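Reading through the C-alpha cells given below for one structure.
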Amino acid sequence: MAGIALNNDPIYRHARPVAQRLAWELGLGANVAVRRGAELFYLLNVEGQLAQKSFSLMGQHNPLHATAMGKGLLLGLAPEQRRELLGPEPLHGFTAHTITTFEALDADLARIASRGYSTEIEELALGRACIAAPVRDHTGAVVAAISLSGALSAIALDEREADLGRTIVEAADSVSVGLGYLGPVHTPVREVR
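So in the numbering used here, spot 64 of the sequence shown is number 67, and the numbers just go up one at a time.
Written out as C-alpha cells, the structure is:
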C-alpha cells in the first residue's frame, strides 16, 4: 500500500530518477524530502558507494532548522510563519554548529535564496555534511527539497561547494520542471514618459 501511495506521488515520481542518477554518478547519498508541520519528512533516499548506510531514511523525520533540506523548505515561508512554526528561541541545538537563533537562521536563508542552494556542515550530526536545493511546483511554491549528503571527507564541501551547488540546483530544477514549474514570473517594467 505504501509503495502504491509513493508511486502516485508526483514529487516522488519526478525526483526518483534524478536522485538515483545523482547517487550513482557522485557516489553520495541523494535525498528528497517534503515539509510535514515543523519537520521534514523523507520521501526518498538513495545511497551512493561513498555514503552507504545500513538503514533507509525514507519515512523518517528531521528538524527543519538544522538540515540543508529543511532550510530549503523554509524558503517558502515568511519570517513570521517560520517563527510560529519553529517555536521560541533558542532553537534546539544538535551540535555546536546548529543555528539556534532566528536572526542567524534568517541571515542563512537570505544567502540560500540568493545562491539557490543550502548547506549544512555538522549542524545535525558530527562528521556529516549536506547540500540541498528547493523544488517548486507549477505555482512556484516550494514543495520539496533534494540533497546530496555524506561524510565530510566524501562530500568535501570545502573544495567542491560551487560544483555541487550547480549540480543540486540543476537537479532541483529538473524535478521542478517535471512538476510544471516554468520559472519565476517577471512583470516587465513600464517606462514612465
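Ideal Cβ placement from N, Cα and C applies to all residues, glycine included. Since the structure is predicted, the reported quantities are computational estimates derived from the model, not experimental observations.
Are there 16 or more other CB atoms within 10 angstroms of the CB of residue i, so buried, or fewer, so exposed?
i: S150; result: buried
i: S59; result: Only weak support is given to the placement of S59: the predicted model assigns it a pLDDT of 49, under 50, and the value that follows is read from those uncertain coordinates. Looking at its Cβ environment, which holds fewer than 16 other Cβ atoms inside 10 Å, S59 is exposed.
i: A148; result: buried
i: H141; result: exposed
i: R39; result: exposed
i: G51; result: buried
i: R19; result: buried
Do you know offhand how far residue i's Cα is from residue j's?
i: V35; j: N65; result: 12 Å
i: S152; j: G75; result: 14 Å
i: G130; j: R139; result: 30 Å
i: I119; j: G30; result: The sequence given here has Gly at residue 119, not Ile. One C-alpha to the other measures close to 22 Å.
i: Y15; j: V180; result: 14 Å
i: L78; j: G32; result: 23 Å
i: G172; j: V178; result: As written in the sequence, residue 172 is Val, which differs from the Gly given in the question. For V172 and V178, the distance between alpha carbons rounds to 10 Å.
i: S57; j: G183; result: Note that S57 has pLDDT 44, beneath the 50 cutoff, so the model's placement of it is unreliable and the number below is only indicative. Roughly 35 Å separates the two Cα atoms.
i: P13; j: T170; result: 22 Å
i: L88; j: Y45; result: 19 Å
i: A157; j: E83; result: 37 Å
i: H17; j: A107; result: 33 Å
i: V49; j: V21; result: 10 Å
i: A81; j: L25; result: 31 Å
i: H95; j: D176; result: 31 Å
i: L43; j: V37; result: 6 Å
i: A110; j: A136; result: 17 Å
i: D161; j: A154; result: 12 Å
i: A128; j: F97; result: 7 Å
i: G168; j: A174; result: 10 Å
i: H100; j: G143; result: 31 Å
i: H68; j: L112; result: 10 Å
i: N11; j: L47; result: 14 Å
i: G90; j: A116; result: 22 Å
i: F105; j: A159; result: 28 Å
i: R233; j: Q63; result: In the structure displayed, the chain extends from 4 to 196; residue 233 sits before or after that span and is not available.
i: T70; j: W27; result: 23 Å
i: Q23; j: A41; result: 27 Å
i: P93; j: I124; result: 19 Å
Relative to the C-alpha of residue i, which candidate in the options has its C-alpha closest?
i: R163; options: G181, C133, V146; result: C133
i: E126; options: A81, V172, A148, M72; result: M72
i: V145; options: G186, E83, L167; result: G186
i: R86; options: L47, T103, D176, S117; result: T103
i: T122; options: A41, H141, D166; result: D166
Any beta carbon of chain B sitting closer than 8 Å to that of residue i?
i: A128; result: Note that chain B does not occur in the displayed structure, where there is just one protein chain.
Checklist entry - At what residue ranges does the region 139-178 contain a whole run of the alpha helix (DSSP H), taking only runs of 4 or more? => result Segments of the alpha helix (DSSP H) lying fully in the region 139-178: 155-158.
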